[in-house]
Ligand code: SF4
Ligand code: SF4
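Residue numbers (the working numbering): -17 to 86.
So, in structure tokens, the structure goes:
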């Protein structure tokens, strides 16, 4: 699960349901719920929800702890990473950026 709904904030306006390109959101028990198996993690619902009820799972603290531990650390990058770093033409720079974060 990469995206989820903070149920207390959801006003059941259906905006995210309409705007999800993967049809990965349904209303269950009066709240918008992400269907994990269908979600492609595009983030669109987090942008269109005016209530801030759609959020990404945040693993930054977990990664920080891993990086701070002694020993070698490897990062596995999703094959889709060039889509996120579309302004970087030399993708070796991304390797340098990951190293700068503390990975080996
Ligand atoms: S856009 Fe936000 S408030 Fe509206 S249904 Fe989706 S999660 Fe709920
Ligand atoms: S992240 Fe994208 S695919 Fe996943 S639920 Fe939100 S809009 Fe749909």
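We put the CB at the ideal spot given by N, CA and C, even for glycine.
Just so we're clear, the structure is a prediction, and the values are computed from it rather than from any experiment.
Residue i - DSSP class collapsed to helix/strand/coil
i, result
"residue 7", "strand"
"residue 48", "helix"
"residue 22", "coil"
"residue 14", "strand"
7 angstroms Cβ cutoff met for residue i and residue j
i, j, result
"residue 10", "residue -15", "no"
"residue 30", "residue 4", "no"
"residue 1", "residue 26", "yes"
"residue -13", "residue 35", "yes"
Whole-number beta carbon distance between residue j and residue i, since they are thought to touch under 8 angstroms
i, j, result
"residue 85", "residue 57", "4 angstroms"
"residue 76", "residue 70", "6 angstroms"
Residue i: CB within 6 angstroms of a non-hydrogen atom of ligand 4
i, result
"residue -5", "You won't find ligand 4 in this model; what it holds is ligand 1 and ligand 2."
Any non-hydrogen atom of ligand 1 closer than 6 angstroms to residue i Cβ
i, result
"residue 36", "yes"
"residue 18", "no"
"residue 23", "no"
"residue 2", "no"
7 angstroms Cβ cutoff, residue i in contact with chain C
i, result
"residue 73", "Judged by its chain identifiers, the structure shown contains no chain C, having just a single protein chain."
Bridge partner(s) assigned by DSSP for residue i
i, result
"residue 36", "-13"
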